[in-house]
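With this note's numbering applied, the sequence shown closes on residue 407, and no number is skipped along the way.
Where is the CB? At the ideal position from N, CA and C, for every residue including glycine.
Note that the structure is predicted; figures quoted are calculated from it, not measured.
Below is one structure, written out as C-alpha cells; the observations come after it.
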Amino acid sequence: MFMRRAKLLLLLVSIGLLSGCWDVREMPQLAIVSSMGIDKSPAGNQYRVSFQVINPSEISAGITEGTGGRTTPITVYAGSGDTLFEAIRESSDLMPRQLFFSHTRIIVIGEQLAREGIEDIFDMFERFSETRLTSRVLIARGSSAEAVLSTLTPIERIPSNSINGKLKFTSKLLSENMEIQIDDVIRALSSTATEPVLNGVRLVGDINQGNKKRNVESTIPIVRSRISGIAMFKSGKLVRWLDGTDARGVVRIQNKMKSSVDMLPCMAEKNAIAIELLRANTKVKAAFHNGKPSFHISVKQEGSLNEVKCSINLQKPEEITKLESQWSELVKQEIKGAFSAAQKEKSDIFGLGETFNRQHPSQWKKINKEWSSLFAESEVNVTVDSFIRHSGMRIKPSFPEQ
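Have a look at this one:
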C-alpha cells in the first residue's frame, strides 16, 4: 500500500513539472519585429541595428474602421553594438515590450556595410532560435537600411509586407531578381566555390520624407521603394551591381527564370515586338581542357507574342522562325554578358564550381583552391533553343504591309 501511494505521489509531482510554463511570454508583452535593418554605425566599427515594430493598436484600428488611426502602423527603433545581439539588447531601454523576431520577414543590409563585408553578420541568425532562415535578405541600394525600414508604404500598411510583395512579383514577372533567403546566403558564404548574390532595394524620391505619414496620404507617394538590381559579392564583400539584361542573365544561368518580357526589333523600330516567356530550362555541363575549365550552357524556352507594333505577317512560318532566332540570340547575349561581368570580378555567383565538382569530383580536388582564377579564365559556350507557341488572339498584322 505504501509503495502504491508513493508512486501516485511521484506521478502527481511529475505531471506538475511537465505542465510548467516558466518561460511563457504573453502577446501583450511582445513587440513583433516585421523587418530588421543592419547598418554600419556612424560612431565607428559598430553595427547599428534597426527594428520595424508593428503597432498592433493601429493595425487593428485600420481593420475595424477601414482606415488607420492617428499613429503610424509601424515604429522603428534602433540600437548600436559591437555585435548584432548586443545592439538588440542595447535597444531594450527604448522599448516598452520585448522584441520578438519569429515574424521577421525581411532583413535589409546597408550598402556601405555590404561593401565592407557581410560574413560576420549571419552567425547570429544561425544561432538565435527566434530568427527564421526563410527571411528574405536585401541590400539597401544608395541608402541606409534604417531609411528603407522607416519609409511608409501605401496599399500594404506594413512596409515589410510591401517589400516582400514587390520581391515576389518582380521575380515572378520580370526575372531581374530572385527570392534569396538567409539560408541561401549562409550556404554561399560557407562554400568554397560559390559567391552570394543579393537583391537590391532602392528608395526613389525625397528619402527624408518617407517616414512621415503624408507619404501615404497622397495619390502619388513622395518616396517609394522599388526592387533594384542584383548585388554581386566577392569574398563576402559587395563589388558590383548588375541591372537589366545582366541581372536576367544571372537568373537564366541559375535556372530560376519564371517569366519575363523580351523586346525584339522589327524593321526600323528597335523594340517593336514583345515576347512573354512562358517557361524556360537551363542545363550546364562542365569540362576541363588544356588546363582550363569550360562550360556549355543550354537553354530551352517557350514564349508567346504579346505585342507587335510592325507589319509582320505571322501566318508565314518563316517569319516565326526568324523571330525565334532573334530571341535565341538575345538570350545568348544576356547570358554571355552576365558571365563576362562575373569573370571580371573573379566571382562565381552562378555556382559553376559546384557544378564542376558534381560532374568531375576528382579533377575538382586538384583545382578547387585556385577556382577564382580558373573561373575568370574559363570558356563558355551558349546554345538557346526558342519556340514561340502562339501569337495571341491575332495572326494577321495590325498594320498594313509596306
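**Study point:** Through-space distance from Gln214 to Asn373, alpha-carbon basis
**Key:** What you label residue 373 is simply residue 368 of the sequence shown in a count that begins at 1. What you label residue 214 is simply residue 209 of the sequence shown in a count that begins at 1. About 49 angstroms.
Review point. Can you give the Cα-Cα distance for Ile302 and Arg229, rounded to whole angstroms?
Key: What you label residue 302 is simply residue 297 of the sequence shown in a count that begins at 1. What you label residue 229 is simply residue 224 of the sequence shown in a count that begins at 1. Using only the alpha carbons, I get a separation of about 38 angstroms.
Review point. Among the residues of its own chain, which have a CB less than 6 angstroms from the CB of Leu99, if the five just before and after it don't count?
Key: Locating residue 99 in the sequence shown gives position 94, counting from the first residue. Within the same chain, Leu99 has close Cβ partners Tyr82.
**Study point:** Leu203 versus Ser55 - alpha carbon distance
**Key:** Counting from one through the sequence shown, the residue named residue 203 turns up at place 198. Counting from one through the sequence shown, the residue named residue 55 turns up at place 50. Using only the alpha carbons, I get a separation of about 19 angstroms.
Check your understanding: Tell me the DSSP bridge mates of Lys177?
Key -> Taking the sequence shown and counting its residues from 1, one reaches residue 177 at position 172. Paired residues: none, contrary to the question.
Review point. Leaving out five residues before and five after Leu157 in sequence, what residues of the same chain have Cβ atoms less than 7 angstroms from its Cβ?
Key: Position 152 of the sequence shown, counted from the first residue, corresponds to residue 157. Taken in chain order, the residues that qualify are Thr77, Pro164, Gly215, Asn216, Lys218, Asn220 and Val221.
Review point. How about the stretch 361-373 and the stretch 270-281: do they share at least three Cβ pairs that are nearer than 8 angstroms?
Key: no
Point to revise | Completely contained beta strand (DSSP E) runs for the stretch 98-143, where each covers 3 or more residues | key: 103-105 and 111-115
Practice item. Along the beta strand (DSSP E) that carries Thr360, what are the first and last residues, could you check? Key: Position 355 of the sequence shown, counted from the start, is the residue given in the question as residue 360. Thr360 -> not in any beta strand (DSSP E); alpha helix (DSSP H) instead, spanning Leu357 to Gln364.
Practice item. Less than 8 angstroms between the CB atoms is what I'm expecting for Ala347 and Met237, so what's the real figure, rounded? Key: Numbered from 1 along the sequence shown, position 342 holds the residue referred to as residue 347. Numbered from 1 along the sequence shown, position 232 holds the residue referred to as residue 237. That pair is a contact at about 7 angstroms.
**Study point:** Proximity of Ile232 and Leu194 at Cβ, strictly below 8 angstroms
**Key:** Counted from its first residue, the sequence shown places residue 232 at position 227. Counted from its first residue, the sequence shown places residue 194 at position 189. For Ile232 and Leu194, no; Cβs fall outside 8 angstroms.
**Study point:** Three or more C-beta pairs below 8 angstroms linking the stretch 328-347 and the stretch 179-192
**Key:** no
Point to revise | 7 angstroms Cβ shell around Thr80 - same chain, five flanking residues per side excluded | key: As a position in the sequence shown, residue 80 is number 75, starting the count at 1. Closer than 7 angstroms at Cβ, skipping near neighbours: Val58 and Asn60.
Exercise for review: Flag this pair as yes or no: are the beta carbons of Glu384 and Ser299 separated by less than 8 angstroms?
Suggested key: Residue mapping note: residue 384 aligns to position 379 of the sequence shown, counting from 1. Residue mapping note: residue 299 aligns to position 294 of the sequence shown, counting from 1. Cβ atoms of Glu384 and Ser299: closer than 8 angstroms.
Check your understanding: How far does the beta strand (DSSP E) with Ala5 in it reach, from first residue to last?
Key -> A question about residue 5 goes unanswered here, because the residues of the chain that appear run from 6 up to 407.
Review point. According to DSSP, which residues form a beta bridge with Arg53?
Key: Taking the first residue of the sequence shown as 1, we reach residue 53 at position 48. Asp44 and Ser85.
Review point. Where do the N-terminal and C-terminal ends of the alpha helix (DSSP H) with Ser377 fall, by residue?
Key: Position 372 of the sequence shown, counted from the first residue, corresponds to residue 377. Trp376 to Glu382 is the extent of the alpha helix (DSSP H) around Ser377.
Check your understanding: From Arg53 to Gln34, what distance separates their C-alpha atoms?
Key -> To locate residue 53, count along the sequence shown from 1; it is residue 48. To locate residue 34, count along the sequence shown from 1; it is residue 29. Computed Cα separation, rounded: 24 angstroms.
Point to revise | Sequence-distant residues of the same chain with beta carbon closer than 7 angstroms to Thr109, five excluded per side | key: Along the sequence shown, one-based indexing puts residue 109 at 104. The residues are Val38, Ser39, Ser40, Met41, Thr136, Arg137 and Ser140.
Exercise for review: Along the alpha helix (DSSP H) that carries Val221, what are the first and last residues, could you check?
Suggested key: Counted from its first residue, the sequence shown places residue 221 at position 216. From DSSP, Val221 is part of no alpha helix (DSSP H); its letter is neither H nor E.
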